[in-house]
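Here's the structure, in structure tokens; my notes come after.
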Ligand code: PBG
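Dropping the structure here:
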């Protein structure tokens, strides 16, 4: 063998300590954002059937959940409201006494340092389940924008630290930035769902948030999974309009897009590890087909390697426990 010349890559893999020293990607509890579904009805803590281990909690159970999150060292949560009543124009989304507004006040009063992200969308609040105002069976972009602005402002008033618009209307970052600035919230960042695909991976979330569209689908506003260059256009306009963070959603089938945005922009990139991605792993690990901890940590590491700075994930509490072990 002495006349063969080749690289000895295995030299750096010989011991655990050495592997630790050359590891390029690290996962920290600071990277995690934990989603919480908040119910308006009292006395509820319901496990979501399609998402074992994930609960919808009512306002009176919210702090129990948040205290646990904080005690694990997680720095941030994202709130999704499940309102008692819905109407055509999603009024409860921008009501100062809406469920997310109330939840935000409860959380911030107990944990002022916890970074509360408010999901800014209408689909949980509209009777038809679409993310905007319907006109002739089509979501009207420009009529929806002012409602999103009102939602963002009322969330900021309630104490939300970050506004995360997720409904994929054109111009939502520009409209919300202007609205927040005029209302005196120029210091509140926008975490834009810049690239959000019309994905089958959202199924379990729609169970949890009661946000299934009552007719049609979301393909006239969410993106076609086949498109990469369009993702660059979407991200480009959100950056131009003032987005402070860029979300790629879902995460695992879109790691190429994440890398692309990381290379092209200087904003922090956020991976949304969505409900279907969670449920698939849960189901397989319940059956003993995969090792849950190993597979979750591998997937999280892949998202970071692909360029994600932050990860929104239903696994956040488990990951924090594993990291702290
Ligand atoms: C809606 C919204 C969706 C998710 C977050 N906000 C899904 C949708 O478009 O129906 C999905 C999150 C998940 O699947 O975990 N604006």
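In the numbering used here, the protein residues as written are 122 to 446. Quick reminder that beta carbons are idealized off the backbone N, C-alpha and C, glycines included.
Straight-line gap, residue i to residue j (C-alpha atoms, nearest Å)
i           : j           : result
residue 151 : residue 422 : 14 Å
residue 457 : residue 316 : In this structure the chain extends from 122 to 446, so residue 457 is not present and cannot be described.
residue 187 : residue 228 : 7 Å
residue 402 : residue 419 : 12 Å
residue 166 : residue 350 : 42 Å
residue 162 : residue 177 : 11 Å
residue 310 : residue 208 : 29 Å
residue 204 : residue 359 : 29 Å
residue 348 : residue 225 : 36 Å
residue 314 : residue 127 : 46 Å
residue 294 : residue 125 : 58 Å
residue 192 : residue 263 : 42 Å
residue 280 : residue 367 : 21 Å
residue 362 : residue 135 : 49 Å
residue 439 : residue 154 : 12 Å
residue 245 : residue 409 : 34 Å
residue 338 : residue 182 : 33 Å
residue 190 : residue 437 : 8 Å
residue 335 : residue 319 : 16 Å
residue 143 : residue 129 : 15 Å
residue 235 : residue 346 : 34 Å
residue 272 : residue 175 : 26 Å
residue 307 : residue 282 : 11 Å
residue 147 : residue 202 : 32 Å
residue 232 : residue 253 : 32 Å
residue 374 : residue 407 : 22 Å
residue 168 : residue 433 : 19 Å
residue 521 : residue 417 : Residue 521 lies beyond the residue range present for the chain, which begins at 122 and ends at 446; the question has no answer from this structure.
residue 267 : residue 140 : 52 Å
residue 447 : residue 413 : There is no way to answer for residue 447, as the model of the chain reaches only from 122 to 446.
residue 256 : residue 322 : 27 Å
residue 185 : residue 445 : 20 Å
residue 328 : residue 170 : 8 Å
residue 241 : residue 411 : 35 Å
residue 302 : residue 278 : 12 Å
residue 390 : residue 384 : 10 Å
Distance between beta carbons of residue j and residue i, contact taken as under 8 Å
i           : j           : result
residue 400 : residue 172 : 6 Å
residue 382 : residue 369 : 6 Å
residue 352 : residue 344 : 7 Å
residue 285 : residue 239 : 6 Å
residue 158 : residue 330 : 6 Å
residue 386 : residue 372 : So it is not a contact: roughly 17 Å between Cβ atoms.
residue 260 : residue 296 : In fact, because the Cβ distance is near 15 Å, the residues do not count as touching under 8 Å.
residue 365 : residue 424 : Contact flag wrong, Cβ pair sits at about 19 Å.
residue 156 : residue 435 : 6 Å
residue 179 : residue 222 : Incorrect: roughly 15 Å between the Cβ atoms, too far for contact.
residue 194 : residue 441 : 6 Å
Beta bridge counterpart(s) of residue i as assigned by DSSP
i           : result
residue 239 : 200 and 284
residue 175 : For residue 175, which the question treats as bridged, DSSP gives no partner whatsoever.
residue 368 : 391
residue 99  : The requested residue 99 is not part of the displayed model; the chain covers only 122 to 446.
residue 433 : 154 and 393
residue 208 : 247
residue 162 : In the DSSP output, where bridge partners are listed per residue, residue 162 has none listed.
residue 415 : DSSP, once it has assigned bridges, lists no residue as partnering residue 415.
residue 255 : 260
residue 167 : 177
residue 312 : 366
Chain C contact for residue i (CB, 8 Å cutoff)
i           : result
residue 298 : Among the chains in the structure shown there is no chain C, since it carries only a single protein chain.
Any contact between the region 189 to 198 and the region 212 to 226? By contact I mean 3 or more CB pairs, one from each, below 8 Å. no
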